[in-house]
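Colleague:
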Amino acid sequence: PFFSGDDFPYWKSRMEIYLKDYELFKMQPNESIKNLYNRLLDITNGLLGLGKVFGEDELVRKLLGCLNDEWEPKVTAIEESKDLKTMEIEELLGSLMTHEVKLNKK
592 PFFSGDDFPY
602 WKSRMEIYLK
612 DYELFKMQPN
622 ESIKNLYNRL
632 LDITNGLLGL
642 GKVFGEDELV
652 RKLLGCLNDE
662 WEPKVTAIEE
672 SKDLKTMEIE
682 ELLGSLMTHE
692 VKLNKK
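Counting the sequence shown from 1 gives a position; my numbering is that position plus 591.
(1) Any contact between the region 674–693 and the region 642–649? By contact I mean 3 or more CB pairs, one from each, below 8 Å.
(2) Taking three-plus beta-carbon pairs below 8 Å as touching, is the region 601–619 in contact with the region 631–643?
(3) Determine the direct distance from the alpha carbon of Val644 to that of Gly685, and round the result to whole angstroms.
(4) If you measure between the beta carbons of Glu682 and Lys693, is that distance less than 9 Å?
(5) Can you tell me which of Glu671, Tyr628, Lys603 and Gly640 puts its alpha carbon nearest to the alpha carbon of Cys657?
(6) Let me check you understand the geometry: is the CB of Trp662 closer than 8 Å to at least one non-hydrogen atom of the ligand ATP?
(7) Exposed or buried, Ile669, counting other C-beta atoms within 10 Å across all chains shown (16 or more means buried)?
(8) For Ile608 and Met618, what's the separation of their Cα atoms in angstroms?
(9) Could you give the first and the last residue of the continuous alpha helix (DSSP H) run that contains Asn629?
Encoded structure:
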């Protein structure tokens, strides 16, 4: 990741915090898809500011991988029916938000 040459200890500690947050990122109980995605964006934007770039497929996989157990059937359906390498994050969000409405009606 990008380092400008100034204040390495500060850069390193920020990078470690963001990377840890990214690695441990999980959906919170009763969290909406919109809120979940916004939290993920906060982390990835922080890492982007430090020089770490994420591919669209990486974000799609991360978002699918952080969902809790009640989402497992939907995650499996998406993984089996879509090409995750070419799926855009907006398409995934639309699918997840639509499913969220159905879950909330139960």
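The C-beta atom is built at its ideal place from N, Cα and C for all residues, glycine as well.
Modeller: Put simply:
(1) yes
(2) yes
(3) 23 Å
(4) no
(5) Tyr628
(6) The model depicted lacks the ligand ATP and carries no ligand whatsoever.
(7) buried
(8) 18 Å
(9) Ile624 to Gly640
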